[in-house]
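Numbering (my numbering), first residue to last: 1 to 533. For glycine and all other residues, C-beta sits at the position ideal for the given N, C-alpha and C.
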């Protein structure tokens with residue numbers, strides 16, 4: 001694959017580093033990093049070399065992989081060097097006019113089949129792609145901080161199904177997890193995030209709390225590091241201004257979205273002074289006041305996205321945890337608080353803040369009901385069940401196992417389904433969730449967990465309709481046992497199957513000691529079980 005990244009400023013080099021890391025195993029691939037300024041290009045290339053050197057020094061990268069990464073990266077001042085690219089991501093600017101100029105120049109260089117992405121935090125795809133020669137191959141690709149390793153990327157698709165499928169497949173190959181959103185200003189994540197930052201700024205400007213207090217109150221309650229800390233990390237003040245103006249001017253906008261003036265005056269100056277930090281201690285009443293205001297904005301905008309169909313609830317819940325960094329997905333957080341408490345928080349905020357919309361779901365006391373970790377799609381008579389926890393290689397936690405049980409119960413009674421494919425995001429199945437295993441207090445608790453797993457896998461094994469596992473990459477421990485419970489397996493070229501439990505001082509708990517010998521023979525199974533190879 002040949003990839004181009006336009007813009008060697010704040011985010012372009014990080015994106016290029018992530019792409020070369022994903023493609024390091026393919027010596028025929030190339031990643032071009034383009035800028036029109038030599039100093040910017042040199043700085044971007046130096047940053048990438050620094051990432052590589054740090055990875056080697058910490059043992060995260062082997063010298064062989066490091067050499068492959070450096071070989072794949074091609075810094076260039078010449079746009080024409082991107083002529084053979086399969087995909088180009090423009091990450092140079094948030095200015096719509098400049099984006100259009102870059103796009104016009106790029107279309108004169110690349111082939112007709114080249115996919116073109118735009119890294120933007122809020123500009124709708126329709127605005128950027130308007131007037132292009134081939135708008136069907138143009139997509140919003142909104143990455144997150146830190147761009148070189150953050151998995152999520154928001155994608156606004158075109159109306160061309162073939163091009164859209166290619167775009168999603170390309171991003172997956174480049175190590176990203178695409179989250180599809182509607183083509184609206186600020187998409188899903190930045191609608192939530194920028195309004196969250198705006199509310200934090202208003203709280204500070206009003207003199208209600210210091211930036212340190214706001215960050216501490218928020219981080220201690222829901223994680224995420226605190227809004228001011230994140231704005232400093234991402235230099236996000238001026239970007240917030242752009243996004244908030246887009247939302248203010250949208251059909252669903254109101255004066256409530258107007259960006260606080262302090263964002264413009266603060267500009268790129270950090271909020272936090274780590275050498276002379278301000279007061280962070282707070283009393284209970286202040287904590288409640290600040291947190292209720294923050295929660296009203298976070299949950300109100302989250303349910304605005306859900307109610308308007310801007311993003312699938314499961315994807316949005318995953319996105320708010322893995323892109324915005326909160327300890328729980330925001331839909332999970334709403335469920336933990338309860339529908340009545342969420343309504344109370346949001347309606348109280350609305351009374352004090354004209355223009356803030358209480359979403360229909362919240363006003364009606366009805367929270368979203370959805371599966372978090374297991375997706376179900378139907379293709380004719382075939383049901384495709386996908387485990388979706390890519391941040392942990394689809395490890396099988398208790399929720400995932402329970403959702404699998406519910407899905408198979410649904411499919412058992414569905415006469416229109418003739419067969420099932422059981423797979424996962426990227427094909428990997430990392431096994432049981434180690435964090436859950438670590439908190440088992442007694443032998444009885446461990447035995448009960450094993451018995452529950454046995455019941456679930458036995459249900460798949462005895463399922464009346466054929467179940468085929470489609471796997472690739474690491475398929476280990478409980479993941480291997482899950483695939484063995486299926487009636488057949490289809491594997492990809494990257495499969496690495498094993499039962500490594502012996503390395504933890506335990507044995508396979510979901511039937512691997514029995515099913516593996518039946519599938520591969522006693523001698524081979526005994527070696528795998530004994531050595532963990």
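Cβ of residue i within 8 Å of Cβ of residue j?
{"i": "residue 519", "j": "residue 502", "result": "no"}
{"i": "residue 457", "j": "residue 511", "result": "yes"}
{"i": "residue 396", "j": "residue 482", "result": "yes"}
{"i": "residue 154", "j": "residue 188", "result": "yes"}
{"i": "residue 91", "j": "residue 12", "result": "yes"}
{"i": "residue 507", "j": "residue 485", "result": "no"}
{"i": "residue 191", "j": "residue 156", "result": "no"}
{"i": "residue 214", "j": "residue 203", "result": "yes"}
{"i": "residue 194", "j": "residue 244", "result": "yes"}
{"i": "residue 432", "j": "residue 478", "result": "yes"}
{"i": "residue 231", "j": "residue 185", "result": "no"}
{"i": "residue 282", "j": "residue 327", "result": "no"}
{"i": "residue 87", "j": "residue 3", "result": "yes"}
{"i": "residue 109", "j": "residue 89", "result": "no"}
{"i": "residue 303", "j": "residue 359", "result": "yes"}
{"i": "residue 382", "j": "residue 430", "result": "no"}
{"i": "residue 132", "j": "residue 103", "result": "yes"}
{"i": "residue 22", "j": "residue 174", "result": "yes"}
{"i": "residue 356", "j": "residue 256", "result": "yes"}
{"i": "residue 259", "j": "residue 276", "result": "no"}
Note down the Cα distance separating residue i from residue j, rounded to an integer number of angstroms.
{"i": "residue 72", "j": "residue 24", "result": "7 Å"}
{"i": "residue 272", "j": "residue 171", "result": "35 Å"}
{"i": "residue 475", "j": "residue 421", "result": "16 Å"}
{"i": "residue 346", "j": "residue 309", "result": "20 Å"}
{"i": "residue 77", "j": "residue 235", "result": "26 Å"}
{"i": "residue 74", "j": "residue 93", "result": "21 Å"}
{"i": "residue 545", "j": "residue 499", "result": "Missing from the structure shown is residue 545; the chain here goes from 1 to 533 and no further."}
{"i": "residue 378", "j": "residue 406", "result": "16 Å"}
{"i": "residue 250", "j": "residue 199", "result": "19 Å"}
{"i": "residue 343", "j": "residue 362", "result": "5 Å"}
{"i": "residue 445", "j": "residue 435", "result": "14 Å"}
{"i": "residue 494", "j": "residue 400", "result": "24 Å"}
{"i": "residue 454", "j": "residue 62", "result": "39 Å"}
{"i": "residue 411", "j": "residue 371", "result": "15 Å"}
{"i": "residue 162", "j": "residue 525", "result": "43 Å"}
{"i": "residue 40", "j": "residue 50", "result": "15 Å"}
{"i": "residue 65", "j": "residue 48", "result": "14 Å"}
{"i": "residue 331", "j": "residue 318", "result": "9 Å"}
Could you check which residue in the options has the C-alpha nearest to that of residue i?
{"i": "residue 333", "options": "299, 305 and 306", "result": "299"}
{"i": "residue 391", "options": "85, 149, 266 and 440", "result": "149"}
{"i": "residue 45", "options": "9, 55, 29 and 65", "result": "9"}
{"i": "residue 112", "options": "344, 135, 161 and 452", "result": "135"}
{"i": "residue 152", "options": "430, 353 and 316", "result": "316"}
{"i": "residue 160", "options": "177, 168, 137 and 181", "result": "137"}
{"i": "residue 320", "options": "424, 118, 144 and 82", "result": "144"}
{"i": "residue 492", "options": "57, 303, 129 and 469", "result": "469"}
{"i": "residue 409", "options": "80, 30 and 385", "result": "385"}
{"i": "residue 5", "options": "206, 56 and 118", "result": "118"}
{"i": "residue 278", "options": "228, 253 and 285", "result": "228"}
{"i": "residue 128", "options": "52, 101 and 109", "result": "101"}
{"i": "residue 216", "options": "176, 241, 286 and 330", "result": "286"}
{"i": "residue 365", "options": "349, 352, 335 and 394", "result": "335"}
{"i": "residue 322", "options": "305, 389, 533 and 239", "result": "389"}
{"i": "residue 180", "options": "167, 256 and 211", "result": "167"}
{"i": "residue 415", "options": "380, 462, 224 and 225", "result": "380"}
{"i": "residue 289", "options": "218, 504 and 212", "result": "218"}
{"i": "residue 1", "options": "29, 367 and 15", "result": "29"}
Between residue i and residue j, how many whole angstroms is the CB-CB distance? I'm expecting something under 8 Å.
{"i": "residue 85", "j": "residue 32", "result": "7 Å"}
{"i": "residue 417", "j": "residue 375", "result": "Incorrect: roughly 15 Å between the Cβ atoms, too far for contact."}
{"i": "residue 387", "j": "residue 373", "result": "6 Å"}
{"i": "residue 540", "j": "residue 196", "result": "In the structure as shown, the chain starts at 1 and stops at 533, and residue 540 therefore has no counterpart that could be examined."}
{"i": "residue 17", "j": "residue 177", "result": "That pair is no contact at about 17 Å."}
{"i": "residue 419", "j": "residue 471", "result": "That belief does not hold up - the Cβ atoms of residue 419 and residue 471 are roughly 17 Å apart, past 8 Å."}
Does any residue of chain C bring its CB to less than 8 Å from the CB of residue i?
{"i": "residue 260", "result": "In the displayed structure, chain C is absent; only one protein chain is listed."}
* To do: Just list the beta strand (DSSP E) runs in the stretch 446-495, keeping only unbroken ones of 3 residues or longer that don't cross its boundaries, in chain order.
  => 467-471, 474-476 and 488-491
* To do: List in chain order: all unbroken alpha helix (DSSP H) runs of 4+ residues lying wholly within the stretch 79-125.
  => 96-107
* Curious, which full-length beta strand (DSSP E) runs of at least 3 residues does the stretch 168-252 contain? -> 177-180
* To do: Can you check the stretch 311-384 for any beta strand (DSSP E) of at least 3 residues that lies completely inside it and give the ranges in chain order?
  => 374-379
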